[in-house]
């Protein structure tokens, strides 16, 4: 257990072995200067026979985006959860109808804006090649990048895409500013040529690291609330972000990785804003390495859309997700549907469905554990409304305080079960 604790609390070195980069990263992470390095923890795990494996440290649900420029550079900023060694990225062309070529790809650590920590930017390869072409509908993993990647760090993945045609694959509502440039500037660490900003992530849908075999990850499968709508832009204040920060310092669980697989407007049963939770479960959840737990928090969009979905319909969808996740050996935590009175689609009929669904989530025993987001966020004087202190302004999406309260309500020890 000492080895595990050392591992999960580690602040890792930069993606380089140069002394200058190590010094820069040490200064940047001075608040955790006494933490034990992950490389030592991984070595200790191997020595004790514990072993290592790959765990997802960041994820974002893939969806169809509009056509983009044929030749363009993208500097994508993502926040890791669990730290580890030998990071790999996953590039997705799941929604493309033509092959896409990544002529160059680099990964480094952010200093500020589009600027990288000096000496941290390193080239990624794919089957030892500097470029890769991904067929329509496919994904590709990079080779492991030797070195260490810190927990809760800003990883910068720079891609140069050539010959793009048709729709792109990406995540529309990133709640994070990334950057774009004309031409190939992926190897540069300065921000000089990265003058265009974007609020979306393109093609990159996952990052993983090597860590102790006892460390696992949770995937949060959700809609706009999980995606972070109404939280502070560039603040990493989505409720899964707050959850990740809790997990990194917690001693009661070995679940440390967090992949946020929320899509704004997403439904459990029907495609629309992204493929339904049922249809994207394999790609966005079960395909990620090291996942021990699925955290299911969806249903409000099915309910408020007034398409005739009943509580029984939604419960049947939940059961299918639970069964598939259990078959894959994953724990499943369910969350109750939060109140939405005051939102323009609210009515008594939809509220009745929400109430019946929540009663089933709480009392059916179908989930391995339940987090009662409804109880935590509702107004004690009107249970159909979100507490004003947590209301992001539209009576549906919580603000930063609400997001933190949701993450604080999760029983960390319940994120792992005997499966």
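Residue numbers (the numbering used here): 1 to 419.
We put the CB at the ideal spot given by N, CA and C, even for glycine.
Please read all numbers here as calculations on a predicted model, not as lab measurements.
Can you tell me where the beta strand (DSSP E) with residue i in it begins and where it stops?
i: residue 242; result: Where residue 242 is concerned, there is no enclosing beta strand (DSSP E), although the alpha helix (DSSP H) it sits in stretches over 239-249.
i: residue 58; result: 52-59
i: residue 253; result: It is not in any beta strand (DSSP E) - residue 253 carries neither H nor E in the DSSP assignment.
i: residue 111; result: 100-112
i: residue 82; result: From DSSP, residue 82 is part of no beta strand (DSSP E); its letter is neither H nor E.
i: residue 293; result: 291-297
i: residue 330; result: Where residue 330 is concerned, there is no enclosing beta strand (DSSP E), given that its DSSP letter is neither H nor E.
i: residue 66; result: 63-67
Taking the alpha-carbon positions, what's the residue i to residue j distance?
i: residue 352; j: residue 96; result: 40 Å
i: residue 181; j: residue 196; result: 6 Å
i: residue 121; j: residue 299; result: 41 Å
i: residue 227; j: residue 261; result: 7 Å
i: residue 393; j: residue 76; result: 29 Å
i: residue 191; j: residue 124; result: 19 Å
i: residue 304; j: residue 346; result: 7 Å
i: residue 210; j: residue 148; result: 9 Å
i: residue 369; j: residue 349; result: 28 Å
i: residue 223; j: residue 130; result: 36 Å
i: residue 295; j: residue 373; result: 12 Å
i: residue 36; j: residue 69; result: Model confidence at residue 36 stands at a pLDDT of 36, short of 50, so the residue's coordinates are unreliable; what they give is reported in the following sentence. Going by the C-alpha atoms only, they are around 44 Å apart.
i: residue 218; j: residue 417; result: 12 Å
i: residue 356; j: residue 371; result: 16 Å
i: residue 301; j: residue 415; result: 25 Å
i: residue 89; j: residue 163; result: 21 Å
i: residue 65; j: residue 50; result: 42 Å
i: residue 388; j: residue 138; result: 44 Å
i: residue 263; j: residue 338; result: 17 Å
i: residue 411; j: residue 214; result: 19 Å
i: residue 221; j: residue 71; result: 33 Å
i: residue 384; j: residue 375; result: 10 Å
i: residue 438; j: residue 151; result: The requested residue 438 is not part of the displayed model; the chain covers only 1 to 419.
i: residue 62; j: residue 173; result: 11 Å
i: residue 409; j: residue 140; result: 36 Å
i: residue 114; j: residue 314; result: 43 Å
i: residue 83; j: residue 250; result: 14 Å
i: residue 336; j: residue 354; result: 9 Å
i: residue 165; j: residue 382; result: 51 Å
Just reading off the alpha helix (DSSP H) that residue i is part of, what are its end residues?
i: residue 279; result: 277-281
i: residue 77; result: From DSSP, residue 77 is part of no alpha helix (DSSP H) but of the beta strand (DSSP E) over 72-79.
i: residue 344; result: No alpha helix (DSSP H) contains residue 344, which DSSP labels as neither H nor E.
i: residue 323; result: 311-327
i: residue 300; result: 300-304
Keeping to the same chain, check which residues put their C-beta closer than 6 Å to that of residue i; ignore five residues upstream and five downstream.
i: residue 133; result: 99, 101
i: residue 233; result: 175
i: residue 421; result: A query on residue 421 cannot be resolved here, the shown segment of the chain reaching from 1 to 419 and no further.
i: residue 400; result: 231, 232, 237
i: residue 43; result: Note on residue 43: pLDDT 42, under 50, position unreliable in the model; the coordinate value appears next. Taken in chain order, the list of residues that qualify is empty.
i: residue 406; result: 239, 373
Keeping to the same chain, check which residues put their C-beta closer than 8 Å to that of residue i; ignore five residues upstream and five downstream.
i: residue 184; result: 73, 103, 104, 160
i: residue 46; result: Note that residue 46 scores a pLDDT of 40, beneath 50, so its modelled location is shaky; the value from the coordinates is reported in the next line. Closer than 8 Å at the Cβ level, and outside the excluded window around residue 46, lie 52.
i: residue 30; result: Its pLDDT being 36, under 50, residue 30 is placed unreliably in this model, and the coordinates cannot settle the point.
i: residue 343; result: 304, 394, 395, 396
Excluding sequence positions up to five away, which residues of its chain have a Cβ less than 7 Å from the Cβ of residue i?
i: residue 317; result: 268, 269, 278
i: residue 403; result: 231, 237, 238, 239, 242
i: residue 108; result: 15, 116, 117, 120, 121, 122, 156, 189
i: residue 153; result: 80, 109
i: residue 413; result: 252, 253
Original post:
What runs of the beta strand (DSSP E), each 3 residues or longer, lie entirely inside the stretch 125-159?
Top reply: You should have 132-134, 139-141.
Subject >> Completely contained beta strand (DSSP E) runs for the stretch 361-407, where each covers 3 or more residues >> reply: Uninterrupted beta strand (DSSP E) stretches at least 3 residues long and entirely within the stretch 361-407 occur at 369-371, 382-386, given in chain order.
Subject >> Continuous alpha helix (DSSP H) assignments of at least 4 residues falling wholly in the stretch 208-238 >> reply: With a minimum length of 4 residues, the continuous alpha helix (DSSP H) runs that stay inside the stretch 208-238 are 224-227.
Original post:
Can we say the stretch 271-287 touches the stretch 331-343, given the rule of at least three CB pairs closer than 8 Å?
Top reply: Segments in contact, no.
Original post:
Do three or more CB pairs link the stretch 193-213 to the stretch 356-371 at distances below 8 Å?
Top reply: Contact fails between the stretch 193-213 and the stretch 356-371, because fewer than three Cβ pairs, one in each stretch, are under 8 Å apart.
Original post:
Counting only runs that start and end within the stretch 165-214, where is the beta strand (DSSP E) found for 3 or more residues in a row?
Top reply: The stretch 165-214 contains these whole beta strand (DSSP E) runs: 167-171, 178-181, 196-198, 204-212.
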